[in-house]
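Numbered per the working numbering, the sequence shown finishes at 181, counting up by one with no gaps.
Take a look at the structure set out below.
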Amino acid sequence: MLSNLAFIVFHMIFCVYSRGDIGPSPQEQYNESIAIYLARVSASVYCPAAMILTWGCSPCSASGPLQSPRVVADGKNDFQGIVGYSPNMNAIVIGFHGSSNIRNWITNFHVLKKEAYEAYPEALVHQGFYQLYQQVAEQLFHHI
Numbered sequence: 038m039l040s041n042l043a044f045i046v047f048h049m050i051f052c053v054y055s056r057g058d059i060g061p062s063p064q065e066q067y068n069e070s071i072a073i074y075l076a077r078v079s080a081s082v083y084c085p086a087a088m089i090l091t092w093g094c095s096p097c098s099a100s101g102p103l104q105s106p107r108v109v110a111d112g113k114n115d116f117q118g119i120v121g122y123s124p125n126m127n128a129i130v131i132g133f134h135g136s137s138n139i140r141n142w143i144t145n146f147h148v149l150k151k152e153a154y155e156a157y158p159e160a161l162v163h164q165g166f167y168q169l170y171q172q173v174a175e176q177l178f179h180h181i
């Protein structure tokens, strides 16, 4: 549950910043319809890749439109994410599934946070997630 909440928060922050805003205004700090949309998109990440690509699974349909959905994956670590464009939000949406098997849970034990970008030393990331993310980062940026 906490890992899903973390991904929802990540999506919300990413969507706001990908629109070019410097930060959310006080009126935009929490938007329930955006939170629900992003929670539904997060659920779709658990679907098989073939279903995500057609945006045809139940969670995909329930979330609403996502144009050009693409899957990024690291089969060795069973790590999967999606990237697509939300016309309703005018934003690129990125999501990754949480821990879904023993290998993912083992990665969770890498709980230390590490600096991901030298230019932003205050920006820390969970080491286990970052290791998995690095395996799909090139795929992700290719689709963006």
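A virtual CB, placed ideally from N, CA and C, is assigned to each residue, including glycine.
Predicted model, so just to flag it, every value in this text is computed and none were measured.
Look at the alpha carbon of GLN117 and the alpha carbon of SER70, and state the distance between them as a whole number of angstroms. 25 Å
TYR154, DSSP secondary structure in three states: Of the three classes helix, strand and coil, the one that applies to TYR154 here is coil, per DSSP.
Presumed contact (8 Å Cβ cut-off) between ASN125 and PRO102, rounded CB distance: 6 Å
Going by the CB atoms, is the gap between ILE131 and LEU169 shorter than 9 Å? no
Could you check which residue in GLY135, ILE181, THR91, ILE73 has the C-alpha nearest to that of ASN114? Out of GLY135, ILE181, THR91, ILE73, GLY135 has the C-alpha closest to the C-alpha of ASN114.
How is the beta strand (DSSP E) around HIS163 delimited, first residue to last? 161-163
What three-state label does DSSP hand GLN117 in the structure shown? strand
Taking Cβ positions, are TYR74 and SER105 nearer each other than 9 Å? no
DSSP puts GLN104 in a beta bridge; with which residues? TYR122
Using the three-state DSSP reduction, which class does ILE181 fall into: helix, strand or coil? coil
How about ALA80 and ALA110: do their beta carbons lie closer than 9 Å? The answer is no: Cβ separation not under 9 Å.
Leaving aside the five residues before and after MET88 along the sequence, list all residues of the same chain whose C-beta is less than 8 Å from its C-beta, in chain order. Same-chain partners within the cutoff: CYS94, CYS97.
Beta-ladder partner(s) of VAL78, from DSSP: In the DSSP output, where bridge partners are listed per residue, VAL78 has none listed.
To the nearest angstrom, how far is the alpha carbon of PHE133 from that of GLU152? The alpha-carbon of PHE133 is positioned some 20 Å away from that of GLU152.
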